[in-house]
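Note sheet for the following structure.
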Amino acid sequence: MARGAFIVVEGLDRSGKTTQTDLLASRLATSGVSVERRKFPDRTTDTGQLIDAYLRGTTDLDDRAIHLLFSANRWEATASLESRLSAGATVLCDRYAFSGVAFSAAKGLPLAWCRAPDVGLPAPDLTLFLDLAPEAAAERGRIWRGALASETRGWVTIDAGRDREAVAQDILEHVESHVHGIDAPIGRLWVDDDVSPLF
Ligand code: TMP
Numbered sequence: 271m272a273r274g275a276f277i278v279v280e281g282l283d284r285s286g287k288t289t290q291t292d293l294l295a296s297r298l299a300t301s302g303v304s305v306e307r308r309k310f311p312d313r314t315t316d317t318g319q320l321i322d323a324y325l326r327g328t329t330d331l332d333d334r335a336i337h338l339l340f341s342a343n344r345w346e347a348t349a350s351l352e353s354r355l356s357a358g359a360t361v362l363c364d365r366y367a368f369s370g371v372a373f374s375a376a377k378g379l380p381l382a383w384c385r386a387p388d389v390g391l392p393a394p395d396l397t398l399f400l401d402l403a404p405e406a407a408a409e410r411g412r413i414w415r416g417a418l419a420s421e422t423r424g425w426v427t428i429d430a431g432r433d434r435e436a437v438a439q440d441i442l443e444h445v446e447s448h449v450h451g452i453d454a455p456i457g458r459l460w461v462d463d464d465v466s467p468l469f
């Protein structure tokens, strides 16, 4: 039996990620696709609670320590994620390792160091990057578009500056070819990539 597709929605804060992931999930479910939602950080686990305290400002953590916690939060979800994919569910995930790298690199941590803990995670079959006014977020945009997009298979940039329905349609068109099952095994994130001289 073909496995389900692993689809990640990434983007800057306020790019409409959550709204679009909700819309996509309900449209796929209506058309009979078995869909499961995921979100990182998953604040329900032990690591997720530490991350939640950090994000709410009740705990201060070293930039490297919080980076590793975000990564651990993904690793601890890996077994259940893979088992849902193997059972044929299409998994729609709001944020993943790309958020981890982009947000920590924007704090000044080296890109190669940021990527290292996430190397080998289940690789998305499709990553939809919701791009908003790139010129307004020049530095962070550069990291996303240059360092991540160019080295990530299945990366699609969506212009999220349009109206909600236009964005939703665009996303649906990219997703449709993935939701009827995938025969290839689950890939491993960044395992075979050459390390760019930029890093
Ligand atoms: P959220 O608002 O989607 O729950 O994400 C919380 C914040 O955490 C958001 O500003 C992005 C940031 N983040 C990281 O810094 N590293 C990560 O690995 C992830 C998944 C999110």
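Residue numbers (the working numbering): 271 to 469.
For glycine and all other residues, C-beta sits at the position ideal for the given N, C-alpha and C.
Cα-Cα separation between residue i and residue j, rounded to whole angstroms
{"i": "residue 344", "j": "residue 454", "result": "22 Å"}
{"i": "residue 321", "j": "residue 340", "result": "7 Å"}
{"i": "residue 288", "j": "residue 330", "result": "27 Å"}
{"i": "residue 281", "j": "residue 311", "result": "14 Å"}
{"i": "residue 465", "j": "residue 430", "result": "In this prediction, residue 465 scores a pLDDT of 47, lower than 50, which makes its location untrustworthy; the coordinate-derived value is nonetheless stated afterwards. Roughly 30 Å between the two C-alpha positions."}
{"i": "residue 467", "j": "residue 395", "result": "Caution is warranted here: a pLDDT of 40 is assigned to residue 467, below 50, making its placement in the model unreliable, and the coordinate value is therefore given only provisionally. The alpha-carbon atoms of residue 467 and residue 395 are separated by roughly 26 Å."}
{"i": "residue 425", "j": "residue 302", "result": "25 Å"}
{"i": "residue 368", "j": "residue 384", "result": "10 Å"}
{"i": "residue 328", "j": "residue 337", "result": "17 Å"}
{"i": "residue 419", "j": "residue 436", "result": "22 Å"}
{"i": "residue 472", "j": "residue 296", "result": "Here the chain has residues from 271 to 469 only, and residue 472 is not among them."}
{"i": "residue 423", "j": "residue 319", "result": "31 Å"}
{"i": "residue 294", "j": "residue 462", "result": "30 Å"}
{"i": "residue 440", "j": "residue 433", "result": "11 Å"}
Neighbour-count burial assignment, residue i, 16 or more Cβ in a 10 Å radius
{"i": "residue 389", "result": "exposed"}
{"i": "residue 365", "result": "buried"}
{"i": "residue 325", "result": "exposed"}
{"i": "residue 307", "result": "exposed"}
{"i": "residue 447", "result": "exposed"}
{"i": "residue 335", "result": "exposed"}
{"i": "residue 300", "result": "exposed"}
{"i": "residue 290", "result": "buried"}
7 Å CB neighbourhood of residue i in its chain, flanking five on each side removed
{"i": "residue 315", "result": "343 and 346"}
{"i": "residue 333", "result": "374, 377 and 379"}
{"i": "residue 298", "result": "305, 360 and 449"}
{"i": "residue 387", "result": "338 and 341"}
{"i": "residue 372", "result": "410, 413, 414 and 418"}
Cβ neighbours of residue i in the same chain (closer than 8 Å, five flanking residues each side left out)
{"i": "residue 304", "result": "274, 358, 359 and 360"}
{"i": "residue 392", "result": "276, 348, 351, 352, 355, 456, 457, 458 and 459"}
{"i": "residue 285", "result": "400, 401, 402 and 430"}
{"i": "residue 444", "result": "396, 398, 426 and 428"}
For residue i, the residue or residues it bridges with in DSSP
{"i": "residue 452", "result": "273"}
{"i": "residue 425", "result": "397"}
Residues of its chain near residue i, where Cβ-Cβ distance is below 6 Å and the 5 sequence neighbours each way are ignored
{"i": "residue 313", "result": "322"}
{"i": "residue 451", "result": "272"}
{"i": "residue 427", "result": "399 and 401"}
{"i": "residue 309", "result": "364"}
{"i": "residue 279", "result": "287, 291, 364 and 398"}
Any non-hydrogen atom of the ligand COA within 7 Å of residue i CB
{"i": "residue 291", "result": "Absence of the ligand COA is noted for the structure shown, with the ligand TMP being the only ligands found."}
Just the residues with CB closer than 6 Å to a heavy atom of the ligand TMP, in chain order, which are they? 283, 310, 311, 325, 340, 365, 369, 370 and 373
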